[in-house]
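This note's numbering applies: residue 22 is where the sequence shown begins, and numbers increase by one.
Okay, so here's the structure we're looking at.
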Amino acid sequence: MRDNRNFNVLIIDDEKYICDVISEALSSQDYRITATSDPRSALRHIEQNPVDLVLTDLMMGECSGEQILDATLTHHSDAVVILMTAFPTVEIAIAVMKKGAYDFLIKPFKLDLLKVTVARGLKHQRLLRENLSLKGQVELLKIANASQIGVDIESFLRLVLSACKKELAVVAAGLLEIDPDTKEPVRKICEADDDGDRAEVLANATFEQFAYTKSPRPLVQTCATPNQRTSSARTFISQPIFIRRRLHGVINLLVSAPFDRVTPGQVDALTLLANSAGSAIANQKLYQDLQSSYLQAIRGLANAIEARDQCTRGHTERVSKLATLVAQHLGWSQVQIHHLIMGCTLHDIGKIGVPDSLLNKSGKFTDEERQWMSHHPEMGLKIIQGIDLFKPAIPYIIAHHERYDGSGYPRRLKGEEIPIEGRLLAVVDAFDAIMANRPYRRGATLQFAISELLAHKETQFDPRIVDTFIDLLRADAIDLQEMYGCGGDVGSLCEAPVTETAPV
């Protein structure tokens, strides 16, 4: 990255002796000075070289200072342009200032005034470059707000990457999150149009360069790519993401811009954005650890229920597997599937309040016993109420015994009034109940189980969920041998009900 103390100053005046006088006056400063009395040559220089400040005469025959001003701001948006003229008017001064000129010097001027004006202009430019742009501040504010309103980690990291892309005007941006212990990538996010650029910013080797450092500063590598008209540079920036001095990832940015200009303000913005990503990753890890602890405790309760109920041993795990396959086929997101696994694990938690005599009864329930058993969804809801972490499990707990025709319990919801989570769980829950072996009888055949699902479409079950589930069976996407110790000729399944005694 270029040392911004060595400013590139271009002097243009059609009178050569004025160029010489100004160059001599500024020679004591730490400037890289180029002077020319040929405006056309100056335009080519502006197109092909880095420029920080242009000091130009306003009237130069066929080429005016306004043309120089337009070209400079086109190729160097943050350059400072100071115009000189011996024939000033208020109208001209206003016009060029509106176009973006920084200042106006009237010939003849004192050299001390010239020095002060140039120094002031470059100081103004340096302050702009060292501070975040207004656009960058807005992006950072969006990210800060997003972290406070609980945006999921994937969306949050994409927001960080988008802000990086906007702030540094990059052609490709990639974020790699890695396991700090194994150094294996656990997440890759990218914004790029070109496949080659995408591969470059997502290369695993980019985080290996931080293996022996704890510095949070980015690594910047530049390769010049000159062409016939302009001198451009391809800059690769790698910003590490450290959490408690351990590498958790890297943000890679590919900048293809003229003259290798990455300002200190942009580097500071990138560091802040990387810190935001690190905080989000750390918070997500803490959340996952907490959630894992809760789920382990709840699984213990679910296992305790299954230990009491000889009829449903292994039921929770099988239903979770079946429901996950259906949800994936329906295109549910990873967050929805995570909630689904939680909901399936907890869906029968209310059976804690059901007596053992009912849980293990092999015959039909009396009306009183059926009434007691029908309260277990509401009991489950009471158990998890007040625990925000388990709110996503509520529709699974409360709605998995609702029926599509409105005759279910506990709320007698109908059709799409029933949450989709409850409709999905109802299908796989019933399938497992039919297929699983019980101490007092063997599970039914696959043909019979499918026949039951088809027979109760639109009465007990959502027809779309039933059709999706049967599609999965036909596609051999469910390992029935592993789950139930049996198989079946799924391809020959038909719509006609199968004559077989229904399992109790």
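C-beta: ideal position from N, C-alpha, C; glycine also.
Please read all numbers here as calculations on a predicted model, not as lab measurements.
Length of the line joining the Cα atoms of residue i and residue j
i              : j             : result
glutamine 88   : glycine 82    : 12 angstroms
threonine 57   : serine 277    : 29 angstroms
alanine 447    : histidine 421 : 5 angstroms
glutamate 437  : tyrosine 425  : 8 angstroms
isoleucine 408 : aspartate 200 : 30 angstroms
leucine 76     : threonine 110 : 19 angstroms
arginine 250   : aspartate 34  : Any reading at arginine 250 is ruled out, since the residue's pLDDT is 46, under 50, leaving its predicted position unreliable.
threonine 489  : alanine 318   : 33 angstroms
leucine 47     : alanine 107   : 21 angstroms
lysine 186     : alanine 194   : 6 angstroms
threonine 345  : glutamine 406 : 24 angstroms
arginine 495   : cysteine 507  : 15 angstroms
aspartate 24   : histidine 269 : Its pLDDT being 46, under 50, aspartate 24 is placed unreliably in this model, and the value from its coordinates should be taken loosely. So the two alpha carbons sit approximately 30 angstroms from each other.
glutamine 169  : leucine 178   : Confidence in glutamine 169 is poor, its pLDDT being 49 and thus under 50, which makes the residue's placement too unreliable to answer from.
Bridge-paired residues (DSSP) for residue i
i            : result
valine 139   : In DSSP, valine 139 forms no bridge with anything.
tyrosine 52  : Phe28
glutamate 36 : In the DSSP output, where bridge partners are listed per residue, glutamate 36 has none listed.
Per-residue DSSP class, three states only, for residue i
i              : result
tyrosine 123   : coil
valine 356     : helix
arginine 208   : strand
glutamine 260  : strand
isoleucine 418 : helix
glutamine 169  : Low confidence applies here, because glutamine 169 scores a pLDDT of 49, under 50, leaving its location unreliable; read the following figure in that light. Here glutamine 169 sits in helix by DSSP.
histidine 96   : helix
asparagine 296 : helix
glutamate 390  : helix
histidine 368  : coil
arginine 266   : coil
serine 395     : coil
valine 102     : strand
valine 181     : helix
isoleucine 199 : strand
aspartate 41   : helix
isoleucine 319 : helix
alanine 224    : coil
leucine 351    : coil
isoleucine 439 : coil
Residue environment, residue i, which counts as buried when at least 16 other CB atoms sit within 10 Å
i                 : result
glutamine 146     : buried
proline 376       : exposed
phenylalanine 386 : exposed
isoleucine 32     : buried
tyrosine 123      : buried
valine 525        : For valine 525, the predicted model reports a pLDDT of 39, less than 50, meaning its position is unreliable and no value from the coordinates is stated.
asparagine 29     : buried
proline 60        : buried
leucine 307       : exposed
lysine 372        : buried
serine 259        : buried
phenylalanine 452 : buried
glutamine 230     : exposed
leucine 155       : Below a pLDDT of 50, predicted positions are generally treated as unreliable, and leucine 155, at 48, falls in that range; the measurement from the model is reported next regardless. Result: exposed.
proline 416       : buried
Cβ-heavy atom distance, residue i to the ligand MG, below 7 angstroms
i             : result
histidine 269 : Of the ligands one can find in the structure shown there are none, so the ligand MG has no counterpart to examine.
CB contact check: residue i to chain B, cutoff 8 angstroms
i          : result
leucine 76 : Protein chains in the displayed structure number just one, and chain B is not present.
query: Which whole runs of the alpha helix (DSSP H) in the region 445-507 are 4 residues long or more, in chain order?
result: 467-476, 484-495, 501-505
- request: Pick out the complete beta strand (DSSP E) segments inside the region 62-91, 3 residues or longer, and give them in chain order.
  value: 74-78
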